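Residues in the sequence shown are numbered from 651 upward in steps of one, following my numbering. Take a look at the structure set out below.
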Amino acid sequence: MTPPDETLDDAYFEAVYRANPDPWNFETSEYEHAKYARTLAALPQERYARALEVGCSIGVLSGMLAERVDHLVSVDVSEQALARARERNRERANVTFERRRLPGEAPDGPFDLIVFSEVGYYFSRADLERVLDVLLERLAPGGDLVLVHWTPPVHDYPQTGDAVHEAALCRTPAPLTHRGGERHERYRLDVLSKPQS
């Protein structure tokens, strides 16, 4: 059965985190850690001034990204997840965790890196298009947009990882350039950049 084309609401995520504080095994999964390593290796620049991480969950990837950016803004819709993210990264003064729901509550840009990882498939088609538009507005000229998503279908997600990436790739060659991509057994990674001018 195909799930309805509706964005998953905040209550969905609060229930998920109530049932399990690390519902996707971000802390312990070899798969997740290998994916994080590939994500970091795919970043076109060694260092970024200001970055946005959408859907930070409990902050595992946030801590790794913090090593590569001067200031990281990490957002999520779940207060439970954010509490764990803040605790995990309490020693990192360059990371700010905020409760925000995109597209309407996106933080102000510009950002020279936006990481959109394992979150796009929670949006309806229409909301995903709006989220991508908002992210592009906040991406600085010369900035990089990194997408990483699980590709097998999940019964209650309105999108697949492939659908998310294809929606972003429809924005190339303008206003974005596709810098490269990788397809692994269970996930996909694409890097897009905004031209300098």
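Ideal Cβ placement from N, Cα and C applies to all residues, glycine included. Predicted, not measured: the structure shown is a model, and the values here were computed from it.
Residue i classed as buried or exposed, judged by whether at least 16 other C-beta atoms fall within 10 angstroms
i, result
"residue 809", "buried"
"residue 656", "exposed"
"residue 838", "buried"
"residue 818", "buried"
"residue 847", "exposed"
"residue 814", "buried"
"residue 701", "buried"
"residue 705", "buried"
"residue 771", "buried"
"residue 777", "buried"
Reduced DSSP category for residue i - H, G, I as helix; E, B as strand; rest coil
i, result
"residue 669", "helix"
"residue 743", "coil"
"residue 686", "helix"
"residue 761", "strand"
Residues near residue i in its chain [Cβ-Cβ closer than 8 Å; skip 5 each side]
i, result
"residue 710", "676, 677, 682, 686 and 738"
"residue 848", "Not covered by the structure: residue 848. The range shown for the chain is 651 to 847."
"residue 822", "828 and 842"
Same chain only: Cβ atoms within 7 Å of residue i, ignoring 5 sequence neighbours per side
i, result
"residue 780", "753"
"residue 664", "728 and 730"
"residue 827", "842, 843 and 845"
Boundaries of the alpha helix (DSSP H) in which residue i is found, first to last residue
i, result
"residue 815", "811-819"
"residue 784", "775-788"
"residue 710", "710-716"
"residue 751", "Here residue 751 belongs to no alpha helix (DSSP H), and DSSP marks it neither H nor E."
Sequence-distant residues of the same chain with beta carbon closer than 6 Å to residue i, five excluded per side
i, result
"residue 812", "801"
"residue 774", "655, 656, 657 and 808"
Continuous beta strand (DSSP E) stretch holding residue i: start and end
i, result
"residue 839", "837-843"
Q | the stretch 791-800 in contact with the stretch 753-763 per 3-pair CB rule at 8 Å | A | yes
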